[in-house]
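Read through the structure below, which is laid out as structure tokens, and then see the notes.
Residue numbers (UniProt numbering): 1 to 282.
If you want it as structure tokens, here you go:
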């Protein structure tokens, strides 16, 4: 009886994983297939299978359309994402380390405010943020996208939880006894032990910045400052406003925009692997 239940449970889990894989990979497969088709084949052939291969021409058209504005959008998004996420990682890891390692008055209230901020919808801050950025004269500039990326309550909480489990307080006390200052302890001990947590914060922040749409839509006006997501959205609106159809460019651009995410995931695997190994040694 137990063997039958185990076999049934295993089959149920496998079936669920197969359905989840299909649900996750089907849109990617559709994009890959559609990116190889010409504009006519895109509407006249099976959407889930290949037709005449036209990928090279599609990519060439994407990179040359409107004086290569897509490459400018990619560069903007990469710059905004890296600059904002590096700042977010430094600030949030330092805040999480401080909340985890130091005892001070108001620590509990501060942590409650951090957790409570999860409940505040980001859209609720749009009008106050726009008015503030207008006074600071940073609307339609990279700073309107980079500066908000420095701060993330969830990343602070994540860094705090990871610091509590990864950094022994006895090690910090031993460093203080040896005469090390707080900044030296943080950068030479805390940051090294929090590498996996910092990598996770960086990855989540970069993915969020790369896929960000609402912020650029509100704060960016000039086409030269747009992100790739906002630019692709504008190409979809071209079809609604005129007889020009840029659907094939949007599809190919969506595929190209996935490349940085794949590269980042592959590049950061070693940090998670080292973190898991460190945890097993403990």
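The beta carbon of each residue, even a glycine, is placed where N, CA and C say it ideally should be.
As the structure is a computational prediction, the values presented were derived from the model and not from experiment.
Can you tell me which of the options puts its alpha carbon nearest to the alpha carbon of residue i?
i: residue 52; options: 61, 42, 59, 60; result: 42
i: residue 191; options: 227, 92, 39; result: 92
i: residue 201; options: 264, 248, 25; result: 264
i: residue 198; options: 23, 86, 62, 55; result: 86
i: residue 164; options: 247, 98, 131, 259; result: 98
Grouping DSSP H, G and I as helix and E and B as strand, with all else coil, what is residue i?
i: residue 88; result: helix
i: residue 125; result: helix
i: residue 104; result: coil
i: residue 48; result: coil
i: residue 41; result: helix
i: residue 226; result: coil
i: residue 36; result: coil
I need the straight-line Cα distance from residue i to residue j, nearest angstrom please.
i: residue 231; j: residue 167; result: 43 Å
i: residue 266; j: residue 207; result: 14 Å
i: residue 269; j: residue 150; result: 24 Å
i: residue 236; j: residue 64; result: 18 Å
i: residue 25; j: residue 47; result: 14 Å
i: residue 28; j: residue 214; result: 23 Å
i: residue 219; j: residue 133; result: 9 Å
i: residue 253; j: residue 126; result: 28 Å
i: residue 19; j: residue 209; result: 29 Å
i: residue 115; j: residue 161; result: 12 Å
i: residue 78; j: residue 31; result: 22 Å
i: residue 257; j: residue 172; result: 43 Å
i: residue 255; j: residue 35; result: 8 Å
i: residue 80; j: residue 67; result: 22 Å
i: residue 10; j: residue 211; result: 36 Å
i: residue 17; j: residue 6; result: 16 Å
i: residue 146; j: residue 271; result: 25 Å
i: residue 280; j: residue 22; result: Bear in mind that a pLDDT of 40 at residue 280, under 50, signals an unreliable position, so the number given afterwards is only what the model happens to contain. If you take the alpha carbons of residue 280 and residue 22, they lie about 33 Å apart.
i: residue 136; j: residue 128; result: 12 Å
i: residue 138; j: residue 131; result: 10 Å
Looking at C-beta atoms only, is the number of pairs between the stretch 154-172 and the stretch 87-107 that lie closer than 8 Å three or more?
Flag = yes, the stretch 154-172 and the stretch 87-107 touch.
Three Cβ pairs or more, each shorter than 8 Å: is that satisfied between the stretch 136-148 and the stretch 101-108?
no
Does the stretch 71-89 come close enough to the stretch 216-227 that 3 or more CB-CB pairs lie under 8 Å?
yes
Taking the runs of the alpha helix (DSSP H) that are 4 residues or longer, which of them lie wholly in the stretch 106-194?
107-116, 126-136, 143-146, 153-166, 169-177, 182-185
Inside the stretch 201-226 only - alpha helix (DSSP H) runs reaching at least 4 residues
214-219
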